[in-house]
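All you need for this note's numbering is the position in the sequence shown, starting with 1, plus 1117. Report on the following structure.
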Amino acid sequence: MPYIIGLDIGATKIRGGLIEKKRKKIIKRIELPTQAKKTKQIVLKNIFHAVEGLWTKNIEAIGIGVAGQVDYKKGLVLRAANFSPSFSNVPLGKILNRKFKVPVFIDNDAHLFTLAESVYGEAQKHKFVIGITLGTGIGGGIVINKKIYRGMNNAAGEVGHMIIDTSSLKTKLRCGCGKGNHWEAYASGQAMVKLYKHFTGRNQNTFKIEEEAKGGGEIARTVINIMVDFLAQGLANIIHILNPEIIAIGGGLSRVDILIRPAIYETKKLLLYPSLAKTKIVKSKLGQDAGILGAALITRT
């Protein structure tokens, strides 16, 4: 029986799956830390370990989504904002092909998330789909008629780096790319952590901040409310500019209902025309499997 290995490489975690090619079913999963801020060699070692942990007989190909700009034709990771600078211009496709002796296909992780949503997920009945991945950073993808829209150099959908109005907040945050006033800097996982630290002076992870907010913690609630406003601002911008049929939201923060549900509600209030409010905004039901399934899909090309 032929198999595909799909990897979803984010700034925090590498998630992988062994997929039965015919049934498109994930039969084995693996999760490892990416250690994205460490050296290129350490990140590559972690990627090797993920593939090795899934390896079996009859592997036909490896598909990979990476959180960054990718030259998908050459299998080259050009730049990944939330990774070490050493993880730039990395010929990841060639490196893995030499090591594992199978074809390797690479693309942007949010592109592959969106593709999976359009084929298997909430958006499969729609032609014009936007996917948003809310994790350490914010990624985006555009799929039209089940095909990835790439733009001039495969950078279409980099919505995390759109400029937003942050004048309502005195605290100025920096994006993973180092610039200010980017959507990612104010509505991502790293934004939640930085805002919480600003108000408390303490480091805390997103899970603990969410639990604190649910328990009525005033500072945690303030952080969530700030992020709701900025998340809605970005979603409204996307709808105004692209007018998609549906926006599917995935990534680690998509599970935070006290953030996502109010943001969807606030987005509708920001839209110019009543007809724009008909745009569906949904949470991914594929969950962590979306990136893995999307990675497997590109091995067909």
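Glycine included, each C-beta is placed from N, C-alpha and C at the ideal position.
So is the beta-carbon of residue i under 7 angstroms away from any non-hydrogen atom of the ligand COA?
i: Y1189; result: As for the ligand COA, it is missing from this structure, which has no ligand bound.
Just to confirm my understanding: we take residue i, look at its own chain, exclude 5 residues before and 5 after, and list those with CB closer than 8 angstroms. What are they?
i: V1345; result: L1376, P1379, A1380 and E1383
i: K1402; result: G1238 and E1239
Mapping DSSP to helix, strand and coil, what is residue i?
i: E1169; result: helix
i: E1148; result: strand
i: K1157; result: helix
i: T1418; result: Confidence at T1418 is low in this model, with a pLDDT of 49, below 50, so its placement is unreliable and the value that follows should be read with caution. It is coil, neither helix nor strand.
i: R1140; result: coil
i: D1125; result: strand
i: I1398; result: strand
i: G1297; result: strand
i: R1319; result: coil
i: I1281; result: coil
i: L1290; result: coil
i: L1410; result: helix
i: V1276; result: helix
i: L1389; result: coil
i: G1306; result: helix
i: R1267; result: coil
i: V1219; result: coil
i: L1135; result: strand
Is it the case that the Cβ atoms of residue i and residue j are separated by a distance below 8 angstroms?
i: I1212; j: L1161; result: yes
i: L1209; j: G1192; result: yes
i: Y1189; j: N1271; result: yes
i: T1163; j: A1184; result: In the sequence under discussion, the amino acid at residue 1163 is Asn, which differs from the Thr named in the question. Cβ atoms of N1163 and A1184: not closer than 8 angstroms.
i: A1425; j: L1290; result: Only positions 1118 to 1418 of the chain appear in this structure, which leaves residue 1425 out of reach.
i: G1258; j: I1265; result: yes
i: F1230; j: G1411; result: yes
i: S1203; j: T1253; result: no
i: G1274; j: H1228; result: yes
i: Y1313; j: V1340; result: yes
i: M1279; j: N1225; result: no
i: G1123; j: G1248; result: no
i: A1167; j: I1143; result: no
i: A1304; j: F1347; result: yes
On a CA-only basis, which of the options is nearest residue i? Give me that one, please.
i: P1356; options: L1370, E1148 and L1388; result: Inspection of the sequence shows that residue 1356 is occupied by Ile rather than by Pro. The residue with the shortest Cα to Cα distance from I1356 is L1388.
i: T1396; options: A1365, I1409 and K1216; result: A1365
i: I1255; options: Y1390, S1371 and L1135; result: S1371
i: S1423; options: C1294, K1218, T1173 and E1234; result: In the structure displayed, the chain extends from 1118 to 1418; residue 1423 sits before or after that span and is not available.
i: W1172; options: K1155, G1248, E1275 and G1134; result: G1134
i: K1400; options: T1416, G1369, I1415 and A1394; result: G1369
i: A1153; options: I1147, A1128, K1174 and V1168; result: A1128
i: K1311; options: G1332, K1296 and T1288; result: T1288
i: G1297; options: L1124, G1306 and D1282; result: D1282
i: G1268; options: K1142, P1391, Q1186 and I1409; result: Q1186
i: F1421; options: K1142, V1194 and E1169; result: Any property of residue 1421 remains undetermined from this structure, which presents the chain solely from 1118 to 1418.
i: A1407; options: Y1237, A1197, A1349 and S1205; result: Y1237
i: W1300; options: G1404, R1215, L1251 and G1318; result: L1251
i: Y1390; options: C1292, V1373, I1358 and L1149; result: I1358
i: C1292; options: A1197, R1319 and E1335; result: A1197
i: D1374; options: K1386, F1324, L1149 and K1263; result: F1324
i: N1262; options: R1319, G1333, Q1350 and P1361; result: P1361
Which residues in the same chain have their Cβ closer than 6 angstroms to the Cβ of residue i, if we skip the five residues on either side of it in sequence?
i: A1337; result: I1326, E1329 and A1330
i: I1363; result: A1240, H1243, V1246 and K1397
i: P1119; result: K1138, N1175 and E1177
i: V1260; result: T1231, L1232, S1235 and V1246
i: L1352; result: T1384
i: P1220; result: A1178
i: Q1307; result: T1253
By Cβ distance, which residues of its chain are closer than 7 angstroms to residue i, with the 5 residues on each side in sequence left out?
i: I1121; result: I1136, K1138, E1177, A1178, G1180, A1413 and T1416
i: T1151; result: I1126, G1127, A1128, T1129, K1130, I1131, V1160 and N1163
i: I1343; result: L1286 and L1312
i: N1206; result: L1193 and L1195
i: Q1405; result: R1132
- Please list the segments of the alpha helix (DSSP H) lying wholly inside the segment 1225 to 1257, counting only runs of 4 or more residues, in order along the chain. As far as the segment 1225 to 1257 is concerned, its whole alpha helix (DSSP H) runs of at least 4 residues are 1226 to 1236.
- Entirely enclosed beta strand (DSSP E) segments - the segment 1342 to 1379, minimum 3 residues: 1363 to 1367
- Message: Runs of 4 residues minimum, wholly inside the segment 1164 to 1217: which ones carry the alpha helix (DSSP H) assignment?
- Response: 1209 to 1217
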